[in-house]
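These notes are about the structure you will find just below.
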Amino acid sequence: MKRHNFNSGPSILPDEVLRRASEAVIDFNGLGLSILEIGHRTPWFTEVIEEGRSLVKELMGLDDTYSVLFLQGGATTQFMQVPLNLLPVGGHAAYIKNGIWGSKAIKEASVFGQADVIGDTSDRNHSYIQKTFSVPDGSSYLHYTSNNTVEGTQWHTLPEAGQTPLIADMSSDIFSRPVAFDKHALIYAGAQKNAGAAGTTIVAIKKDMLGKTGRNISPILDYEGHIKAESMLNTPPVFAVYVSMLTMRWIKEQGGLAEMEKRAKQRADLFYSALDNLEVFTPIVDKQDRSLMNATFTTSNKDLEAPFLELCKENAMVGVKGHRSVGGLRVSMYNAMPLSSVQALVDLMEKFNQANK
Ligand code: PMP
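Under numbering that gives the first Met the number 0, think of the first position of the sequence shown as 0, with each following residue one higher.
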């Protein structure tokens with residue numbers, strides 16, 4: 000029996016992707032070899048990574064002034080690699096502190112230079128998006144987290160960066176909606192939510208941002224070296240890149256980002272309207288800033304949390320517990336989630352509400 004998968008990441012993937020990926024583990028494209036057994040410099044794999052790169056550009060509408068990389072080390076490594084490559088020695092960059100992931104990015108940037116925190120929503124446990132701030136003159140870039148996986152908030156408009164290059168951690172809402180991707184100088188995302196399996200991180204960089212830090216960058220962490228080597232500076236995560244490519248193919252076949260957004264809105268409307276109407280559950284995030292991907296909430300009486308989670312378990316629903324740092328409840332509704340799973344959860348919440356109000 001397939002479970003209803005509300006995991007926050009790694010998380011639900013399309014059945015079609017799982018089927019193709021599992022076939023490739025046994026026999027990749029009828030080669031008589033597993034995808035796990037082929038060299039990364041063979042045409043068999045270079046075609047995969049090439050298609051992956053071009054799908055990223057196509058889905059994001061990016062031209063050749065951008066390069067796309069498939070790196071390792073997760074989005075967390077990008078918290079470090081972004082300032083290492085883009086924050087000049089003695090320079091400063093602006094950061095918006097919307098949640099725990101953004102806070103980690105700030106910590107890493109502070110190792111390399113001055114990270115100015117120009118927006119900070121910790122006063123209300125990051126339950127809203129602060130949309131007004133001013134970017135200090137001469138900032139090398141403005142960094143924000145487009146969707147806060149743990150707190151359940153999402154930017155529904157782009158931050159106003161003026162002339163300052165915009166950098167986004169899109170780990171938990173990449174490919175879920177059309178965005179003005181080309182208004183960004185750099186976008187990064189761990190693949191393990193909407194973009195495939197854990198093990199690779201997608202980075203799209205406007206090339207003219209590079210080579211300006213005056214810093215000696217370790218070759219393995221230098222974006223320019225990775226671009227020159229076409230993500231083959233060392234052995235790339237072959238299988239993760241393949242799963243990412245399949246996931247992007249699936250998104251394209253389904254109708255692209257506009258279709259993903261339509262489905263995300265249907266799921267979120269269904270879930271949030273139930274949440275707003277049921278007495279025993281309480282939303283956390285300000286209405287206008289709610290994430291279409293991760294919905295956070297609590298039970299109005301703390302003692303009801305454990306029985307509700309037990310009920311979810313009995314009904315084959317996983318991933319309903321909040322992040323360990325904040326507690327409460329959270330459901331993640333990524334691209335591959337069918338509306339029927341959200342309907343099943345809403346039915347269960349209604350039943351639980353009836354029994355406990
Ligand atoms: N940024 C965001 C928005 C995330 O949701 C996560 C992980 N869930 C990370 C960064 C960290 O990603 P990783 O575990 O791939 O380093």
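Ideal placement from N, C-alpha and C gives every residue a C-beta, glycine not left out.
{"query": "Whose C-beta lies closer than 7 Å to the C-beta of Val24 among residues of the same chain, with five residues either side of it excluded?", "result": "Ser33, Ile34 and Leu35"}
{"query": "What does the Cβ neighbour count give for Ser121, buried or exposed, with the cut at 16 atoms within 10 Å?", "result": "exposed"}
{"query": "Based on the DSSP secondary-structure assignment, which residues constitute the bridge partners of His142?", "result": "Tyr94 and Ile166"}
{"query": "Whether or not the region 143-161 and the region 107-126 are in contact is what I'm after, with contact meaning three or more pairs of Cβ atoms, one per stretch, closer than 8 Å; do they touch?", "result": "yes"}
{"query": "For Gln191, I'd like the list of residues in its chain whose CB is within less than 6 Å of its CB, leaving aside the five on either flank, ordered along the chain.", "result": "Gly8, Pro9 and Ala197"}
{"query": "Can you check the region 40-125 for any alpha helix (DSSP H) of at least 4 residues that lies completely inside it and give the ranges in chain order?", "result": "42-59, 73-85 and 99-111"}
{"query": "Residues around the ligand PMP, please: the ones whose beta-carbon is closer than 6 Å to some heavy atom of it, in chain order.", "result": "Gly8, Gly73, Ala74, Thr75, Trp100, Thr144, Thr148, Asp168, Ser170, Ser171 and Gly189"}
{"query": "I'd like to know whether the C-beta atoms of Ser152 and Val341 end up nearer to each other than 8 Å.", "result": "A quick correction: the sequence has Thr, not Ser, at residue 152. Not in contact: Thr152 and Val341 (Cβ atoms no closer than 8 Å)."}
{"query": "Between which two residues does the alpha helix (DSSP H) carrying Ile226 extend?", "result": "Tyr222 to Lys227"}
{"query": "Which of helix, strand or coil does DSSP assign to Ser339?", "result": "helix"}
{"query": "Which runs of the alpha helix (DSSP H) at least 4 residues long sit entirely within the region 279-352? Give them in chain order.", "result": "304-313"}
{"query": "Do the region 343-351 and the region 273-280 make contact, defined as three or more Cβ pairs closer than 8 Å?", "result": "yes"}
{"query": "Going by beta-carbon coordinates alone, are Lys106 and Thr75 separated by less than 8 Å?", "result": "no"}
{"query": "So for Val202, helix, strand or coil by DSSP?", "result": "strand"}
{"query": "Is the beta carbon of Val81 less than 8 Å from the beta carbon of Leu185?", "result": "yes"}
{"query": "Looking at the structure shown, is Ile186 part of a helix, part of a strand, or coil, going by DSSP?", "result": "strand"}
{"query": "Are the CB atoms of Leu83 and Thr199 nearer to each other than 8 Å?", "result": "no"}
{"query": "According to DSSP, His155 sits in a beta bridge with which residue or residues?", "result": "None, per the DSSP bridge assignment."}
{"query": "Among the candidates Ser53, Leu303, Gly98 and Met247, whose CA atom is the shortest distance from the CA of Val325?", "result": "Gly98"}
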